Amino acid sequence: MPDRIRAKQIGKRDGVFISYARSDGKAFCALSADGSIIISASNDQTLKLWDARTGAEPRTLAGHSNCVNSCAISADGSIIVSASDDRTLKLWDARTGAELRTLAGHSESVMGCAISADGSLIVSASLDETLKVWDARTGAELRTLAGHSDWVNDCAISADSSIIVSASEDNALKVWEARTGTCLATLHVDGPLAGCALYPDGERIVAAGARGVYFLRLVR
Numbered sequence: 023m024p025d026r027i028r029a030k031q032i033g034k035r036d037g038v039f040i041s042y043a044r045s046d047g048k049a050f051c052a053l054s055a056d057g058s059i060i061i062s063a064s065n066d067q068t069l070k071l072w073d074a075r076t077g078a079e080p081r082t083l084a085g086h087s088n089c090v091n092s093c094a095i096s097a098d099g100s101i102i103v104s105a106s107d108d109r110t111l112k113l114w115d116a117r118t119g120a121e122l123r124t125l126a127g128h129s130e131s132v133m134g135c136a137i138s139a140d141g142s143l144i145v146s147a148s149l150d151e152t153l154k155v156w157d158a159r160t161g162a163e164l165r166t167l168a169g170h171s172d173w174v175n176d177c178a179i180s181a182d183s184s185i186i187v188s189a190s191e192d193n194a195l196k197v198w199e200a201r202t203g204t205c206l207a208t209l210h211v212d213g214p215l216a217g218c219a220l221y222p223d224g225e226r227i228v229a230a231g232a233r234g235v236y237f238l239r240l241v242r
């Protein structure tokens, strides 16, 4: 990974309002890589797994003690990770619905989570203004990424597990080196950011917030 990297805004679409606070009871959903399973995270403290083809509800995952804000599923469809207002993340067996482990370390609500393509790393974003990187196999906390000055609402990790991006209430998107936790770049926009995602090429980023949707490119 080069020492110098910049995040350049290449476009913006105005008029989109995105909020992490929902009033309809459903907070987030994720789709498995093969398109067969939908996972929904809810304010009722549970996740549900749905058959994307039939709409059937195969199982409910219960174990959190507060609202579930986000969820993600590994590329091979075997592991689900969830993030909650109870300040923890949980790992689940997608096939059986069994709870595998709880990851505790944040001091405030966990708003976002991501799992690397190889299933080895989990990244979490929290209202405590930090991100954390975890070993998915052992549950060990590997490092804390500090640098935002307000809530961190979402995070994503590149397909090769080298880059993490974070979206924050401080009007900034940050790019981090996953291996070391070094902040490689910061891009300031004109409003709070609620979500972010990386394209498969690892070069392009989309971020969404109160003022619009932003299209960004990493320049090395």
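Each residue of the sequence shown is one higher than the last, beginning at 23 in the working numbering.
A virtual CB, placed ideally from N, CA and C, is assigned to each residue, including glycine.
Quantities reported herein were computed from a predicted structural model and do not represent experimental measurements.
Terminal residues of the beta strand (DSSP E) in which residue i lies
i, result
"Arg239", "Gly234 to Val241"
"Thr110", "Thr110 to Asp115"
"Arg231", "Checking the sequence shown, residue 231 turns out to be Gly, not Arg. Start and end: Arg226 to Gly231."
"Cys89", "That residue, Cys89, is in no beta strand (DSSP E); it is neither H nor E in DSSP."
"Val211", "Note, Val211: premise wrong, no beta strand (DSSP E); not H, not E."
"Leu149", "Per DSSP, Leu149 belongs to no beta strand (DSSP E) and is neither H nor E."
"Glu163", "Glu163 to Ala168"
"Ser106", "Ile101 to Ser106"
"Arg81", "Arg81 to Ala84"
Outcome for residue i when other beta-carbon atoms lying within 10 angstroms are tallied against a minimum of 16
i, result
"Gly57", "exposed"
"Val187", "buried"
"Glu79", "exposed"
"Asp212", "exposed"
Pair within 8 angstroms by beta-carbon distance, residue i and residue j
i, j, result
"Ser316", "Leu149", "For residue 316 there is no data in the structure shown, the boundaries of the chain being 23 and 242."
"Ala324", "Ala136", "Residue 324 lies beyond the residue range present for the chain, which begins at 23 and ends at 242; the question has no answer from this structure."
Residues bridged to residue i (per DSSP)
i, result
"Trp72", "Ile60"
"Ser138", "The partner list for Ser138 (beta bridge, DSSP) is empty, contrary to what the question assumes."
"Glu121", "Trp114"
"Ala178", "Val187"
Nearest to residue i (by Cα), restricted to the options the options
i, options, result
"Ser62", "Gly161, Leu206, Thr76 and Ile102", "Ile102"
"Ser100", "Gly134, Leu53, Gln67 and Ala84", "Leu53"
"Glu191", "Arg226, Arg75, Gly169 and Ser138", "Gly169"
Residue i CB to nearest heavy atom of the ligand NAD below 7 angstroms
i, result
"Val187", "Summarising the ligand content, the structure contains no ligands, and the ligand NAD is consequently not present."
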